[in-house]
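First residue of the sequence shown? That's 1 in full-length UniProt numbering, and the numbers climb one at a time after it.
No residue lacks a Cβ here, since even glycine has one placed at the ideal position from N, Cα and C.
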Amino acid sequence: MLPIPAEELNGSGTLGPYWTFYRAVAAEQLNRWLPSQPSVILDLSGGRGRWSGQAARAGHRVIEVLDFRRTVDAQSRLRDADRVRHVRADDLSFLPDESVDAVLAEERAMSVELMAESAMSDVARVLRPGGRALVCVDSLVLGMAILAEQGQWQHLRQTGEVMLVPWPDGSITRCFSSGQLRELLAGTGLEVEWMRPRTVLSPSTVDHVLSSDARALSYLVRTELEAHPDDDDTVGIHLVASARKR
Numbered sequence: 001m002l003p004i005p006a007e008e009l010n011g012s013g014t015l016g017p018y019w020t021f022y023r024a025v026a027a028e029q030l031n032r033w034l035p036s037q038p039s040v041i042l043d044l045s046g047g048r049g050r051w052s053g054q055a056a057r058a059g060h061r062v063i064e065v066l067d068f069r070r071t072v073d074a075q076s077r078l079r080d081a082d083r084v085r086h087v088r089a090d091d092l093s094f095l096p097d098e099s100v101d102a103v104l105a106e107e108r109a110m111s112v113e114l115m116a117e118s119a120m121s122d123v124a125r126v127l128r129p130g131g132r133a134l135v136c137v138d139s140l141v142l143g144m145a146i147l148a149e150q151g152q153w154q155h156l157r158q159t160g161e162v163m164l165v166p167w168p169d170g171s172i173t174r175c176f177s178s179g180q181l182r183e184l185l186a187g188t189g190l191e192v193e194w195m196r197p198r199t200v201l202s203p204s205t206v207d208h209v210l211s212s213d214a215r216a217l218s219y220l221v222r223t224e225l226e227a228h229p230d231d232d233d234t235v236g237i238h239l240v241a242s243a244r245k246r
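Below, the structure written as structure tokens:
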């Protein structure tokens, strides 16, 4: 899969069919990952309401930590208000130890959080034994593509080190190899259940199939999720991992 240009990463570019597919894959991954029994879920995905709403509609109670840097959609907050509690906080000190059953860190939360080790330690602290975390991060493929677009060739060989990549909007993202993500999770006492690129089908493939038959979306999503590219960080702009607290 070729790296996606940086201007496409927020869904504002020309790859509309691919982002429709991407969002459908992410939603189905979460459906399959959520606990089978009603649970308490902590959502660290940035306060946009999408992930917490999906978990709430599946019957779970959700604590959503809101991002001070973003405006939250009021309608989504009202729609799921009976099962979603919104909290504005810089860290998880408001939660006692072993108080939640699962943690969502979607929307590249641990890449935007440059002190990811500290943040993941907090996640491990609040998880109950046997609890799980779903984590999405920017991949080295994405980081190297952005650096190449910026002409920062001298940094492209430093893949064994922490890769911090400046974005055009002034923000910085931390990009991970599969080994680095595994080390991040294991370092907090979490056991990795699985790790994979979010998608391995290329934007051109998705666009070609959907332009021929819009009804093929469910087929593409099923094909994607039945692939098993475990730990393969040579494709995909994002890595996704599920980890369990021992």
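As assigned by DSSP and simplified to three states, the class of residue i
i	result
ASP230	coil
MET195	strand
MET110	helix
PRO203	helix
TYR20	Note on identity: in this sequence residue 20 is Thr, with Tyr being the wrong assignment. In the structure shown, THR20 sits in a helix (DSSP, three-state: H, G or I).
THR133	A quick correction: the sequence has Ala, not Thr, at residue 133. Of the three classes helix, strand and coil, the one that applies to ALA133 here is strand, per DSSP.
ILE41	strand
residue 254	Because the chain in this structure spans residues 1 to 246, residue 254 falls outside the shown range and cannot be described.
LEU190	strand
LEU34	coil
ARG244	strand
ARG85	strand
PRO3	Unreliable placement is indicated for PRO3, whose pLDDT of 43 sits below 50; no coordinate value is reported for it.
Cut-off 7 angstroms between Cβ atoms - residues of its own chain near residue i, not counting five sequence neighbours on either side
i	result
GLN54	ALA27, LEU30
VAL206	PRO17, TYR18, PHE21, LEU220
VAL162	ARG174
TRP33	LEU134, SER242
ASP101	PRO35, SER39, VAL40, ILE41, ARG128, GLY131
GLY59	PRO38
Beta-carbon contacts of residue i that lie in its chain and below 8 angstroms, excluding the five residues immediately before and after
i	result
residue 253	The question about residue 253 has no answer, for the chain in this structure spans 1 to 246.
ARG182	VAL192, MET195, ASP231, ALA241
ALA216	VAL209, LEU210
LEU225	VAL25, GLU28, GLN29, ARG32
Beta-carbon proximity list for residue i, same chain, < 6 angstroms, skipping 5 on both sides
i	result
LEU104	ASP43, SER45, TRP51, LEU134
LEU185	VAL192, ALA243
residue 247	Lying outside 1 to 246, the shown extent of the chain, residue 247 is not represented and no answer is given.
ARG85	ILE63
PRO168	none
ARG61	VAL40, ARG83
ALA227	VAL200
PRO3	With a pLDDT of only 43 at PRO3, under the threshold of 50, the placement of this residue in the model should not be trusted, and no figure is reported.
Where the alpha helix (DSSP H) through residue i begins and ends
i	result
SER121	116–126
GLU183	178–186
VAL141	140–149
Residue range of the unbroken beta strand (DSSP E) whose run includes residue i
i	result
ILE63	61–66
ARG50	Run containing ARG50: none in the beta strand (DSSP E); it sits in the alpha helix (DSSP H), 50–57.
VAL100	100–105
LEU92	Unbroken run through LEU92: none, as it is neither H nor E.
VAL165	163–166
Given residue i as reference, the closest of the options once Cα atoms are compared
i	options	result
ASP97	ARG83, ARG215, LYS245, ARG128	ARG128
residue 272	GLU149, ARG83, PRO35, PHE21	Any property of residue 272 remains undetermined from this structure, which presents the chain solely from 1 to 246.
LYS245	LEU225, SER99, TRP19	SER99
VAL65	GLY59, HIS228, ILE41, PRO168	ILE41
PRO38	ALA56, LEU142, SER171, VAL25	ALA56
VAL112	ARG23, LEU190, ILE172, HIS228	ILE172
MET144	GLY170, MET115, LEU114, PHE176	PHE176
LEU239	THR223, SER218, LEU142, ARG222	LEU142
Cβ-heavy atom distance, residue i to the ligand HEM, below 6 angstroms
i	result
GLU117	This structure lacks the ligand HEM, and indeed carries no ligand of any kind.
Beta carbon proximity, residue i to chain B, threshold 7 angstroms
i	result
ALA55	Chain labels in this structure do not include chain B; a single protein chain is all it has.
Is the segment 99–114 touching the segment 125–138, taking contact as three or more C-beta pairs under 8 angstroms? Remark: three or more beta-carbon pairs, one from each stretch, lie closer than 8 angstroms, so the segment 99–114 and the segment 125–138 are flagged as touching.
Could you tell me whether the segment 81–95 touches the segment 203–215, using the rule of 3 or more Cβ pairs below 8 angstroms? Pairwise C-beta distances place the segment 81–95 out of contact with the segment 203–215, as fewer than three of them are shorter than 8 angstroms.
Taking contact to mean 3 or more Cβ pairs, one atom from each stretch, closer than 8 angstroms, check whether the segment 190–205 and the segment 222–242 are in contact. A contact exists between the segment 190–205 and the segment 222–242.
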